[in-house]
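According to the numbering used here, the stretch in the sequence shown is residues 1004 to 1748, in order.
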Amino acid sequence: MTLFADVLLPLSVSTPYRYAVPDALTPRVVPGTRVLVPVRRRRAVGVVSGIGSEPPAAGTQREILAAPDADPALSAELLRLGEWLSSYYGCPSGLSLRALLPGALWGGRGARVAGPAERTERTITLVKALPSLLERERAFSRSPKRRAAYEALEALGGTAPQRHLVSQLKLGTQVLNGLVREGLARIDRVAAPRDPFADLAVAPPPALTADQRRAMDAILGTPPEMPVLIEGVTGSGKTLVYLEMLRTVVESGRGAILLVPEIALTPQTVARVRGVFGDAVAVLHSGLSDAERADAWRAVRQGKKRVVVGARSAIFAPVQRLAVIVVDEEHEPSYKQGTAPRYHARDVALARGRVEGARVLFGSATPSLELLHQVDHGSVRRVELPRRVGDRPLPPVDLVDLRSAERVPEAGPVTWSEPLDRAVREALERKEQVILLLNRRGFASFLQCPTCGTVPGCPRCAISLTVHATPSALRCHYCGHEEELGPTCKSCGATTRRMRGLGTQQLEHFLGSRFPAARIARMDLDTTSTKWSHHRILERVARGEVDILLGTQMIAKGLDFPGVTVVGVVDADTGLHLPDFRAAERTFQLVAQVAGRAGRGPAGGRVVVQTRSPDHHALRAAAAHSIAAFAAAELPLRTLPHPPYPPHVGLIRFVALGKTEDAAAARATRVADWLRRANGERLGGGLTILGPAPCPIARLHGRWRWHVLIKSAEPRLLGRVMRAWRGQGRSAALIVADRDPVSLL
Ligand code: ADP
Ligand code: ZN
């Protein structure tokens, strides 16, 4: 009897195609197997979703061409997880399956033989420091371009590949050679960078503290099907508890996944895991080529690696006998995927834990209100680590009111108060390290003509252009559009320009002149665009070669540098007033997390937060390092008589896109009509439907955007909406359906 297999292709389709299974392949072709099948005139890789004896309803019978793997690529559990993804997020089954396997296994780029790897590259390194402004003026009096190149290199930590400087920063080779001729820089040929995680390992502390032991006992005493939140203050040693948990699991021959928000930003966590598990751990980082990623995937699938560390997508790693999933810094928005399936790794972790019977462990000093809600309802158990390791105190936090605080006169437009200045100066004098957070990259947020008021905006996005200094340009932070920073206003021709809104480049510039002896490193998207640049910067900080580390939210994640005694938040208000219900929560998390970087060593520490809203509950709670205080103030603001928001209700956001505003509006209106009809006819009015209305960012990448929001206290109804939506099979290129969105902009 001929068998038939249903094969799903990694496309925006929900229905599998049915193929005949050739006799020779019968033993291999089971659900989860990767197969090569003919599709029209091409061949494609798909995954078997079911086997039966029923031939296809119509058309010619076609056969599976090959089944390349000895074992099915997807276990029964991962196939079930794929179904859950598709049904929860309303996404075609083909697309959720695609998320489960690395691209190369779908016949992606890595499947082809890659060309020979680049072996060496030219790097440029500064060899002469020009610490004082005076020396700088003298050295570059006739060559502003050379100065720009010098300062760009400085911003990159003193060394960078020439390729990056020329192609990304648009610096001329002439100018770079000029720096070399002047004896300011040197050119080297160095081996192309390799995986910096390869030999990264530090042994963890030998013994658990009494608090950590109690936390471990509490976790082990919890039934494995009950997820646990480790709510531990910053510096309480959560990582060691994860490692201990992983160790017990691996010792018993089972496997584990540790999720971190972003691998590049958490080298210390990776190093600690390597210290315990050595080669038994697969580190899935963004620097892997497609082929390397596929290799790592195979090693995990074959059980050669028992532990996987990675960002969001590592939640799908085919770990054998999976027994524990740890989600570190559970509150991080980077756990949400931005394309279909638009999953949140925290929720996928729970779903995967259920299908595999694995324990799920979350950790954070600033847990999300969604997770706290689950704790309150008894579906997640909380285990606390209320003290720092070694009983070190949490650093005191001063909220400096920018409306009344004395400013440093030399700072000009830079918001720099006397208290912050003093704290930084004293730390530098004591040879301690400083971290400064300013969550806005570029030189200034925008340019405004003082004569006519015009603010240059992006022609493709409804967003003003950000002023950049090195290299000088106006740039759109959403689509990358770039314009020259001309000398005059484009609409009225006036020759003066006013910059508004402080960015990290300007802050760095100011700090350079304010603290000329200090070694400064800046970490934001502009200084970390090369491979391993995060790594290089953080390593210099760890080695004590940096006195002031300044940067955007990147520097607020999990860093553990005992030399840091002062943390400054230069402007705590950058995100506080965004039109998004999570604006306060994000601000609380950011400020509390960066504050937690201070005082991790014996010298103690303190934190200075500059704000114009010192009474805001998000900042007050952050100053007290208290998630409880924040939740107590914020939760009532998200329920009646205020408009209800998560965690009290679930949320789905539909974003309709259009070449014209009318097209986007019409599309959004049709979605809203469909939802209102369904709500009245089938869902018993259990949904609240808002909109259609223009999105706060009304145009992006040249497309207009309108959205419709639906809320419901009943997840079941939202699930029905998602499945009905999936059944409609509408093009995701025109309407995006996003369940549990992390941003409403
Ligand atoms: P968290 O992630 O909770 O902020 P970490 O896991 O980074 O905290 O730990 C903070 C610091 O305490 C680290 O430097 C770590 O090495 C140290 N530490 C953790 N546990 C112990 C322990 N049991 N004994 C000694 N030092 C510890
Ligand atoms: Zn743009």
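Every residue gets a Cβ at the ideal spot worked out from N, C-alpha and C, and that includes glycine. For clarity, every value in this text was computed on a predicted model and none was experimentally measured.
query, result
"Within this structure, are the beta carbons of residue 1592 and residue 1334 separated by less than 8 Å?", "yes"
"Tell me the residue span of the alpha helix (DSSP H) that contains residue 1596.", "1586 to 1598"
"At which residue ranges does the segment 1150 to 1236 contain complete alpha helix (DSSP H) runs of 4 or more residues, listed in the order of the chain?", "1165 to 1170, 1176 to 1184, 1213 to 1223"
"Residue range of the beta strand (DSSP E) that residue 1709 falls in?", "1706 to 1715"
"Is residue 1481 a contact residue of the ligand ZN, with contact defined as CB to any heavy atom under 7 Å?", "yes"
"Need the endpoints of the alpha helix (DSSP H) that residue 1248 sits in, please.", "1241 to 1254"
"Do residue 1372 and residue 1383 have their C-beta atoms closer together than 8 Å?", "no"
"Please state the DSSP three-state secondary structure of residue 1493.", "coil"
"From residue 1120 to residue 1289, what distance separates their C-alpha atoms?", "Its pLDDT being 42, under 50, residue 1120 is placed unreliably by the model, and the measurement read from it follows with that caveat. Residue 1120 and residue 1289: Cα-Cα distance of roughly 17 Å."
"For the putative contact between residue 1235 and residue 1388, defined by C-beta atoms under 8 Å, what is the C-beta separation to the nearest angstrom?", "3 Å"
"Would you kindly check if the distance between the Cβ of residue 1524 and the Cβ of residue 1552 is under 8 Å?", "yes"
"Please go through the same chain and pick out, in chain order, the residues whose beta-carbon is closer than 7 Å to the beta-carbon of residue 1015, but skip the five residues on each side of it.", "1095, 1097, 1098, 1735"
"I'd like the list of long-range same chain contacts for residue 967, defined as Cβ closer than 6 Å, with 5 residues on each side in sequence excluded.", "Because residue 967 is not part of the residues shown, which for the chain are 1004 to 1748, the question remains open."
"Looking at the secondary structure, which residues open and close the beta strand (DSSP E) in which residue 1471 lies?", "1469 to 1471"
"Less than 7 Å separating the Cβ of residue 1706 from some heavy atom of the ligand ZN?", "no"
"Could you have a look at residue 1517 and say whether DSSP puts it in helix, strand or coil?", "helix"
"Taking 8 Å as the cut-off, decide whether the C-beta atoms of residue 1377 and residue 1445 are in contact.", "no"
"Work out the CA separation of residue 1345 and residue 1357 for me, nearest whole Å.", "20 Å"
"Taking 7 Å as the limit between beta carbons, can you name the residues of its chain near residue 1327, skipping five residues before and five after?", "1248, 1249, 1252, 1259, 1361, 1362, 1364"
"Three Cβ pairs or more, each shorter than 8 Å: is that satisfied between the segment 1213 to 1226 and the segment 1276 to 1285?", "no"
"Should the segment 1009 to 1029 be regarded as contacting the segment 1072 to 1079, the criterion being three or more beta carbon pairs within less than 8 Å?", "no"
"With respect to the beta strand (DSSP E) encompassing residue 1504, which residues constitute its N-terminal and C-terminal limits?", "1501 to 1505"
"Rounded to whole angstroms, what's the CA-CA distance from residue 1351 to residue 1318? Just pull it up for me.", "7 Å"
"Using CA atoms only, rank isn't needed, just tell me which of 1497, 1605, 1712 is closest to residue 1652.", "1712"
"Comparing the CB of residue 1495 with every heavy atom of the ligand ZN, is any distance shorter than 7 Å?", "no"
"Considering only C-alpha positions, which residue in the set 1691, 1662, 1457, 1462 is nearest to residue 1646?", "1691"
"Closest to residue 1129 by C-alpha separation, out of 1186, 1142, 1683, would be which residue?", "1186"
"How many Å lie between residue 1385 and residue 1634 at the Cα?", "15 Å"
"Counting pairs of beta carbons, one from the segment 1583 to 1591 and one from the segment 1603 to 1611, are three or more of them closer than 8 Å?", "no"
"From residue 1700 to residue 1457, what does the alpha carbon distance come to, in whole angstroms?", "19 Å"
"Who are the near neighbours of residue 1625 in its chain, counting only those whose CB is closer than 6 Å to its CB and skipping five residues on each side?", "1591, 1594, 1595"
"Note the first and the last residue of the continuous beta strand (DSSP E) segment covering residue 1401.", "1400 to 1404"
"Check whether the segment 1167 to 1180 touches the segment 1145 to 1156, taking contact to mean three or more Cβ pairs, one atom from each stretch, closer than 8 Å.", "yes"
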